[in-house]
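Peer 1:
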Amino acid sequence: MRNIKIDQRRRLSGLKAIASAPRLQILDWLKDPIANFPPQVDGDLVSDGVCADFIREKLGIAAATASRHLTLLTEAELLVATRKKGWTFYRRNDSAIADFARAISNEL
Numbered sequence: 013m014r015n016i017k018i019d020q021r022r023r024l025s026g027l028k029a030i031a032s033a034p035r036l037q038i039l040d041w042l043k044d045p046i047a048n049f050p051p052q053v054d055g056d057l058v059s060d061g062v063c064a065d066f067i068r069e070k071l072g073i074a075a076a077t078a079s080r081h082l083t084l085l086t087e088a089e090l091l092v093a094t095r096k097k098g099w100t101f102y103r104r105n106d107s108a109i110a111d112f113a114r115a116i117s118n119e120l
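The opening residue of the sequence shown carries number 13 in this note's numbering; numbering runs sequentially from there.
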């Protein structure tokens, strides 16, 4: 079993990242990107992730607001960002999400 101890900075960063309905929605949608997003010209929905613009459109929010949500999730290591052909694609970091969930569960 992997060591589930994560430092306080990462725990707080993760808690801040999930303390928002839109950010929780992003994490939920990215569990099954094929079911939740249209096909992309550049980038595979599963291996590369979902284009930031598709996420923004689905949330119905401004680009700057979507960028902030995605940045917080990425800084908390709950998402992985990949640049490809001038676009940024986001996918879940499932191993980090599992570690974070276990660490919080053990702490509480």
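Even glycine gets a Cβ: it sits at the ideal position worked out from N, Cα and C.
Rounded to whole angstroms, what's the CA-CA distance from residue 102 to residue 62? Just pull it up for me.
Peer 2: Distance between the alpha carbons of residue 102 and residue 62: 5 Å.
Peer 1: Thinking C-beta only, is residue 40 closer than 8 Å to residue 96?
Peer 2: No.
Peer 1: Please name the residue in 83, 92, 58 and 98 whose C-alpha comes closest to that of residue 109.
Peer 2: Checked all of 83, 92, 58 and 98; the closest Cα to residue 109 is 92.
Peer 1: What residue range does the beta strand (DSSP E) around residue 93 cover?
Peer 2: That run of the beta strand (DSSP E) goes 91-96.
Peer 1: Express the C-alpha separation of residue 31 and residue 74 in angstroms, rounding to a whole number.
Peer 2: When rounded, the distance between both Cα atoms is 19 Å.
Peer 1: If I'm right that residue 67 touches residue 57 with Cβ under 8 Å, what's the distance once you round it to whole angstroms?
Peer 2: No, residue 67 and residue 57 are not in contact; Cβ-Cβ is about 12 Å, not under 8 Å.
Peer 1: Let me confirm a value: residue 118 is counted as buried when at least 16 other C-beta atoms fall within 10 Å, else exposed. Which label applies?
Peer 2: With fewer than 16 other Cβ atoms within 10 Å, it is exposed.
Peer 1: Would the beta-carbon of residue 23 fall within 8 Å of that of residue 115?
Peer 2: Going by C-beta atoms, residue 23 is nearer than 8 Å to residue 115.
Peer 1: In three-state terms, what does DSSP make of residue 101?
Peer 2: Looking at residue 101 - three-state DSSP - the assignment turns out to be strand.
Peer 1: Starting from residue 45, follow the alpha helix (DSSP H) in both directions and report where the run begins and ends.
Peer 2: Per DSSP, residue 45 belongs to the alpha helix (DSSP H) from 45-48.
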